[in-house]
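Asker:
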Amino acid sequence: MAKTLVLSIALFLAACSQPEDPPPLVPETAAKATKTAPAAPAPTEPRHRVVIAADPWCPHNCEAGSEHEGYMIDIAREAFGLAGIDVEYVNMSWARALQQARDGYIDAVVGALPGDAPDFVFPDAATGYSTIALYTHPDNNWQYAGVDSLSQSKLLAINGYAYSPELDNYIEKYQDDPERVWVLSGPAPLSRAIELLHQQRSDVFPEDRYVMQWQLEQENNTESLRMAAVIHESPIYVAFSPVGRDSAQLAALLSEGARALQSSGRVAEILTRYGLSWSD
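For the sequence shown, the residue numbers in the numbering used here are 42 to 321.
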């Protein structure tokens with residue numbers, strides 16, 4: 042488990058490739074629900090449940106149903122609980138979660154950077170923070186000097202992820218060139234990316250540094266990869282469906298509840314469960 046993680050902003054600062062995604066890793070009942078009717082109710086119906094989805098990205102959001110589902114999920118559960126709303130959290134690939142939210146079958150995704158889902162409804166306050174770094178095999182001495190320095194490297198990326206504006210543009214430009222960009226899909230892309238770096242079948246992989254630290258500590262192998270550079274820092278959010286009729290209301294309720302938890306000291310207690318703290 043991560044021992045320390047010090048974030049540089051306050052919690053509530055405003056503001057070759059596999060072509061097919063596998064079926065979502067969700068309970069059978071939840072999977073059936075997404076095939077029948079969108080999650081958003083009619084405006085006159087009282088809201089009792091919010092469905093939030095993503096692939097595991099621990100410690101921000103982890104395995105659904107586990108003892109530690111991620112600090113962002115814990116905050117969302119308690120924040121919505123103050124309004125009498127239950128949270129159902131399910132795991133599926135990130136690309137599928139984005140699509141199901143856009144189609145109105147789930148209410149929100151968790152762990153979103155603004156670049157991930159620019160069409161979504163974002164709360165006015167973040168519930169997390171991400172620092173994106175580039176990783177290589179420990180024997181690789183490559184140095185990052187902007188995206189042009191990637192021209193002789195094979196870059197791994199996860200389908201649907203945003204990393205930084207500059208790197209996202211690079212991935213979009215070369216995503217059909219497997220010698221430059223290899224896009225990973227599926228339920229466990231992080232583990233696959235780490236394996237490919239270990240095997241030296243790829244050269245560079247961008248990932249949130251705290252997610253990578255968490256994953257490597259679970260594997261008892263913290264020295265197995267080299268962090269070559271930090272390239273981007275950003276708040277992260279629970280972002281709501283662009284077609285949800287009450288998405289703006291849900292976003293406001295989350296912000297209101299989360300601020301109450303912050304003021305009461307409950308957020309600090311939640312973060313302690315993950316070995317984290319919000320401090321300078």
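Just so it is clear, CB atoms sit at the ideal spot from N, CA and C, and this is done for glycine as well.
Please name the residue in Thr313, Asp287 and Ser318 whose C-alpha comes closest to that of Ala89.
Answerer: It is His, not Ala, that sits at residue 89 in the sequence shown. For the residues Thr313, Asp287 and Ser318, the minimum Cα distance to His89 belongs to Asp287.
Asker: So, at 6 Å on beta carbons, what are the nonlocal neighbours of Ala117 in its own chain, with the 5 sequence-adjacent residues on each side left out?
Answerer: So the qualifying residues of the chain are Val128 and Val279.
Asker: If contacts are defined as beta-carbon pairs under 8 Å, then Thr168 and Ala299 qualify, I think. What distance do you get, rounded to the angstrom?
Answerer: Rounded, the Cβ-Cβ distance is 6 Å, consistent with contact.
Asker: What are the partner residues of Asp249, as DSSP defines its beta bridges?
Answerer: BP columns for Asp249 point to Ile173.
Asker: Would you report the Cα separation of Phe163 and Gln259, rounded to the nearest angstrom?
Answerer: Taking the straight line from one Cα to the other gives about 31 Å.
Asker: Tell me, to the nearest whole angstrom, how far the beta carbon of Tyr112 is from that of Leu312; I am working on the premise that it is less than 8 Å.
Answerer: At roughly 6 Å, the Cβ-Cβ gap stays under 8 Å, so Tyr112 and Leu312 are in contact.
Asker: Would Ile277 and Leu197 qualify as a contact pair, given that the criterion is a beta-carbon distance under 8 Å?
Answerer: No.
Asker: Ignore the nearest five residues each way along the sequence and tell me which others in Arg221's own chain have a CB closer than 6 Å to its CB.
Answerer: Closer than 6 Å at Cβ, skipping near neighbours: Tyr215.
Asker: Assign Gly201 to one of two classes, buried (16 or more other C-beta atoms within 10 Å of its C-beta) or exposed (fewer than that).
Answerer: Under this definition Gly201 is a buried residue.
Asker: Compare the Cα-Cα distances from Ile173 to each of Tyr204, Asn182 and Asp144 and report the closest residue.
Answerer: Among Tyr204, Asn182 and Asp144, the Cα nearest to that of Ile173 belongs to Tyr204.
Asker: When you compare only the Cα positions, how much space is there between Asp209 and Ala142?
Answerer: Taking the straight line joining both Cα atoms gives about 21 Å.
Asker: Is the CB-CB distance between Asp325 and Val92 below 8 Å?
Answerer: It is not possible to answer for residue 325, since the shown part of the chain is limited to 42 through 321.
Asker: How many angstroms separate the CA atom of Ile151 from the CA atom of Trp183?
Answerer: Here residue 151 turns out to be Val, not Ile, going by the sequence shown. The straight-line gap from Cα to Cα measures roughly 33 Å.
Asker: Only counting the same chain, and skipping five residues up and downstream in sequence, which positions put a Cβ closer than 8 Å to that of Ile212?
Answerer: Leu196, Ala198, Tyr204, Val222 and Val224, listed in sequence order.
Asker: Can you tell me whether Thr77 is helix, strand or coil according to DSSP?
Answerer: Annotation note: pLDDT 38 at Thr77 (below 50); position unreliable, coordinate value reported separately. DSSP places Thr77 in coil when its eight states are reduced to three.
Asker: What does the Cβ neighbour count give for Ser171, buried or exposed, with the cut at 16 atoms within 10 Å?
Answerer: Ser171 comes out buried.
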